[in-house]
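Protein chains in written order, with the working numbering: chain S, 6 to 302; chain B, 6 to 302. Below is one structure, written out as structure tokens, with a few remarks after it.
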DNA sequence: TTTACATATCTAATAATTAGATATATCTTA
DNA sequence: TAAGATATATCTAATTATTAGATATGTAAA
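Structure (structure tokens):
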């Protein structure tokens, strides 16, 4: 790799000369002498082996090459400042990365809203997002694979805060046999059809299928469940917020169940390490709680 | 704007320490003394106000913050080198930008191929691409709005090289009335239908419609012409290479004309300023010629 | 012309960086 | 566990780069 010869300070000086319209003015702004500025620019041009600006009358004019390189150098200097800025944030304990594991049933729009609000405050903290299903969250907490988890269960030894209540609603494709009955649907009706359940991504083997039907399809993610049910291959309980679009598109239709059409679950927000939560994690957690509560109201 | 405090050299030194596994080894590689390296890193950490690495046993280990900042600093140093690299290219006369105006009938795939080949050789030269139609190219040459032009005409006073021959073929949508005749099409047939022509983007007012029909639609670009004809609203002569896909998709179909089904035009490659052609422009021109000739063969 | 304003360059002073020497710490091995 | 090998930390002196001050030079406006 080539080592740079020109220093940031030299580029910075060139920028000041252009921005303030001359060597003398730049010197003023930089709290340096005019000769110092002159020296820096001369040296810069010498190192690059080309003229960046020439004096025309009494003011400095950039050459074509100068324009291009000045432009790039601005980015360079800004980048350098940004690194130092991030160093400052890190020094204050801001994490470089937050790993967030979210139960699939948590409404995507809430999540996106929270992340959107977090972004300008994030101080360069990156988010690593993982979607999990049911006890998958528990595994992640135990293994320490995330700082923040949204899950329907709070494993032993962890502390969770209630985030939102999620409604799971029984749906099937509008053309599905269950929709052709023309009457309320009974448990007996359901038992004749294929029930699509989201099977567990974790190791513990909790299932979200509470009935004990013979025909069951287990799929690995909410997205798969939605696709399978949308294609007419079965029925299942899906989170209300996550299927609004499919309902409107007539890809899915609520099943008129006599009872149990709606099942609710509570999602909890859990810190993996409550003792040592970084400021960024705390901030993100606050936003998630805020968004969840605001949207519910 | 914040001025950076940490110098490129300090970042560079940190990188060397990590890359070569120690202060002493880094010093060796950098041709400096060990104490100098030690000083630089200590100062860096002092300026940032945090520890980037700590000595564990007898080798340096990065802190979490150190990992993140080192990573970013590598990019920074690489950027700095890249600017100097570009300065070198500019110094050798490589242009920062080439403006290329291309007649719409020039096959897109040829153009893309040439640009693709140019990219690794480009030495940071950016391409500004403009699509023009007919005499639009002449305007651009006269105004000096491009360095390189591909056009079917070589205006007075310019020098063009033959690039390729383009075949324009008469087409219409398969369902178009002209395709329902069940026989060869005559001029008389054509005169009853709407002729779609690409009208001139320039000021001179050359038209590519050679017939003198009553029904004419003038559209502003090849893309529009293709869309209009594909939608069944008329017929027209379009460049063979640019409608292959539409022919295969049965969006367009060749018209069985008794005569004049195929019209040809020659596209020329023209330097706006033959006296002072930069190396990048020359390189790109070579690639365009090469691609055009190879593909024709 | 003269004046005002701006850059270039010379020299001396100053500040930052470097090397050399040496102290200190850790791992290895006997 | 002590000696040897290897590595970083720190002190001081030397070196180098940068800066300011003074002055020369060049351009535009009055």
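The C-beta atom is built at its ideal place from N, Cα and C for all residues, glycine as well. Computed from a predicted model, the values in this text were never measured in an experiment.
- Runs of the beta strand (DSSP E) spanning 3 or more residues and lying entirely within the stretch 65 to 130 of chain B occur at 102 to 108, in chain order.
- For residue 46(B), same chain residues with a beta-carbon under 7 Å away, outside a window of 5 residues either side, are 18, 19, 22 in chain order.
- Taken in chain order, the complete beta strand (DSSP E) segments of 3 residues or longer contained in the stretch 155 to 209 of chain S are 165 to 177, 200 to 203.
- Straight-line measurement puts the Cα of residue 36(B) at about 38 Å from the Cα of residue 65(S).
- Judged by DSSP in its simplified three-state form, residue 37(B) adopts coil rather than helix or strand.
- Bridge partners of residue 258(S) according to DSSP: 177(S).
- For residue 269(B), the enclosing beta strand (DSSP E) starts and ends at 267 to 276.
- Cβ contact annotation for residue 118(B) (same chain, cutoff 8 Å, sequence separation greater than five): 296, 300, in chain order.
- Residue 228(B): member of the alpha helix (DSSP H) spanning 227 to 235, first to last residue.
- The stretch 129 to 149 of chain B makes contact with the stretch 102 to 110 of chain B: 3 or more CB pairs, one atom from each, lie closer than 8 Å.
- Listed along chain B are 89, 92, 93, 96, each with a C-beta nearer than 8 Å to that of residue 53(S).
- In this structure, residue 73(S) sits near residue 101(B), with a CB-CB distance shorter than 7 Å.
- For residue 69(S), the neighbours in chain B by C-beta distance under 7 Å run, in chain order, 101.
- Excluding five sequence positions before and after residue 99(S), the CB atoms of its chain that fall closer than 7 Å to its own CB belong to 128, 130, 283, 284, 285, given in chain order.
- From the beta-carbon of residue 12(S), the residues of chain B found nearer than 8 Å are 12, 13, 14.
- When CB distances to chain S are screened at a threshold of 8 Å, not a single residue of the stretch 134 to 157 of chain B falls below it.
- A direct Cα-to-Cα measurement between residue 48(B) and residue 80(B) gives close to 21 Å.
- Around the beta-carbon of residue 175(S), 16 or more other beta-carbon atoms lie within 10 Å, marking it buried.
- Your pair residue 29(S) and residue 41(S) does not check out as a contact, with CB atoms roughly 11 Å apart and the cut at 8 Å.
- Residue 179(B) is classed as exposed because its beta carbon has fewer than 16 other beta carbons within 10 Å across all chains shown.
- Residue state for residue 298(S) is assigned as helix, using DSSP reduced to three classes.
- Relative to residue 279(S), the option among 164(S), 230(S), 228(S) whose CA is nearest is 164(S).
- Judged by DSSP secondary structure, residue 243(S) falls outside any alpha helix (DSSP H) and instead within the beta strand (DSSP E) spanning 240 to 244.
- The C-beta distance from residue 55(S) to residue 89(B) rounds to 11 Å, too long to meet the 8 Å contact threshold.
- For residue 22(B), there are no neighbours in chain S by C-beta distance under 7 Å, as the nearest C-beta there is about 14 Å away.
- For residue 248(B) and residue 120(B), the gap between their C-alpha atoms comes out near 21 Å.
- By alpha-carbon distance to residue 172(S), the top candidate from 197(S), 246(S), 157(S) is 246(S).
- Annotation for residue 71(S): 57, 58 place their beta carbon closer than 6 Å to its own, counting only its chain and skipping 5 residues before and after.
- Close CB contacts of residue 262(S) within its chain, under the 6 Å cut and outside five residues either way in sequence, are with 175, 190 (chain order).
- Proximity of residue 7(S) to chain B, defined by a Cβ-Cβ separation below 7 Å, is satisfied.
- Between residue 86(S) and residue 9(B), the C-beta gap is smaller than 7 Å, which places the two residues in contact.
- Rounded to the nearest angstrom, the gap between the Cα atoms of residue 181(S) and residue 251(B) is 38 Å.
- Residues of the stretch 55 to 84 of chain B with a Cβ closer than 8 Å to any Cβ of chain S, in chain order: 55, 69, 70, 72, 73, 74, 77, 78, 80, 81, 82, 83, 84.
- Collapsing the DSSP output to three states places residue 58(S) in a strand.
- For the pair residue 126(B) and residue 288(B), the CB atoms are nearer than the 7 Å cut-off.
- Listed as beta-bridge partners of residue 222(B) by DSSP are 201(B).
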